[in-house]
């Protein structure tokens with residue numbers, strides 16, 4: 552199976568998961584129109600032949616901080632690990648908040664967004680407002696808010712949000728910017744989407760892909776389960792699942808655009824030692840070479856994922872936080888050796904990825 556672009560070039564089916572449509576494209580052929588939204592350095596792919604009524608723009612995830620990218624143009628996408636023909640559906644998350652709280656949040660969002668173009672639905676503890684079409688919204692709910700969320704709750708996050716999580720899914724950049732400004736009296740901090748912890752809300756330009764939604768949703772879930780989560784783990788988990796796929800009911804992260812940045816830093820001996828990465832506070836993590844910090848944190852967790860250590864390590868990190876707030880000693884215990892030994896193995900592994 553190949554994907555054809557408007558310039559006549561083609562790609563193997565393995566390219567599809569990087570576009571956010573791999574889960575429905577295993578047995579179906581798509582013709583994609585490639586467009587470049589130059590103002591955000593975002594490559595988007597328009598599905599011009601819908602799958603069971605599904606059509607729309609699926610974006611290739613790209614940095615929250617484009618200025619930190621060495622090239623300002625997207626890295627060549629790389630294939631995700633093989634996926635099963637049919638993903639095992641995880642249990643739908645049950646509401647962890649009262650019916651009254653959910654109903655109140657729903658009514659408040661309807662007042663905030665009085666336009667008839669918006670649809671309002673409840674999905675577990677999520678209350679969703681969106682100007683997507685009915686079939687598009689249904690597809691996003693099914694994959695991100697049901698399957699991905701259910702898998703994360705089952706494997707990583709036993710403590711669910713105590714309040715409704717409000718999800719604002721705007722269909723494109725124009726709608727996202729206009730409504731974010733109107734609702735919150737300020738422009739969005741990124742062109743893709745963000746988690747507002749003070750409002751317990753996900754505010755999304757869903758045209759940039761469902762990976763962004765899963766990234767920010769992971770923040771909402773980890774914030775409820777482990778509110779003291781150190782920044783390397785908080786952002787490592789979010790960015791790990793920005794390229795999500797389901798395997799036997801478990802959510803996993805695949806290789807994505809952050810890999811070339813990490814490999815280049817390893818080759819040039821410019822990575823931040825893991826011992827220092829784990830010790831960064833929030834201000835340091837987000838302000839000092841943030842792009843590389845994200846890449847290191849993401850692929851450190853992917854390394855643990857591939858060795859079957861991630862879920863157990865996360866639980867140990869959460870439980871040991873009072874005595875080990877950076878997680879350094881806990882990670883060494885989970886690995887079974889000094890952090891420097893883990894770092895050597897991790898770098899060797901990362902350089903072999905493609």
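Numbering (this note's numbering), first residue to last: 552 to 905.
Glycine residues also receive a C-beta, built at the ideal position from the N, C-alpha and C atoms.
Values in this document were obtained by computation on a predicted structure and should not be read as measured data.
Item: For the candidate residues 731, 774, 660 and 849, whose alpha-carbon lies nearest to that of residue 869?; Value: 774
Item: Between residue 701 and residue 716, what straight-line distance do the alpha-carbon atoms span, to the nearest angstrom?; Value: 15 angstroms
Item: Note the first and the last residue of the continuous beta strand (DSSP E) segment covering residue 720.; Value: 716-721
Item: Exposed or buried, residue 770, counting other C-beta atoms within 10 Å across all chains shown (16 or more means buried)?; Value: buried
Item: With burial defined as no fewer than 16 other Cβ atoms inside 10 Å of the residue's Cβ, what is the status of residue 655: buried or exposed?; Value: exposed
Item: Identify whether residue 743 lies in helix, strand or coil by the three-state DSSP scheme.; Value: coil
Item: Quick check on the DSSP output: the beta strand (DSSP E) that includes residue 679 runs from which residue to which?; Value: 677-681
Item: Between 753, 751 and 688, which has its C-alpha nearest residue 722's C-alpha?; Value: 688
Item: Helix, strand or coil: how does DSSP classify residue 849 here?; Value: helix
Item: Cα separation between residue 880 and residue 670?; Value: 47 angstroms
Item: Going by DSSP, name the residue or residues bridged to residue 800.; Value: Per DSSP, none; premise fails for residue 800.
Item: Going by DSSP, what residue range makes up the beta strand (DSSP E) through residue 753?; Value: 752-756
Item: Helix, strand or coil for residue 673, going by three-state DSSP, please let me know.; Value: strand
Item: Short of 7 angstroms in beta carbon distance, which residues of its chain neighbour residue 904, apart from the five on each side in sequence? Order them along the chain.; Value: 806 and 810
Item: Nearest-angstrom Cα distance between residue 707 and residue 681?; Value: 28 angstroms
Item: Note down, in chain order, each residue of its chain lying with its Cβ closer than 8 angstroms to the Cβ of residue 898, except the 5 sequence neighbours on either side.; Value: 817 and 822
Item: Along the chain, where does the alpha helix (DSSP H) that runs through residue 833 open and close?; Value: 833-838
Item: Per the contact definition of three or more C-beta pairs closer than 8 angstroms, is the region 749-768 in contact with the region 788-796?; Value: yes
Item: Taking 8 angstroms as the threshold (C-beta atoms), are residue 657 and residue 678 in contact?; Value: yes
Item: Considering residue 787, what are the terminal residues of the alpha helix (DSSP H) in which it resides?; Value: 782-791
Item: Excluding sequence positions up to five away, which residues of its chain have a Cβ less than 6 angstroms from the Cβ of residue 732?; Value: 738
Item: Pull up the distance between the alpha-carbon of residue 901 and that of residue 860, whole angstroms please.; Value: 16 angstroms
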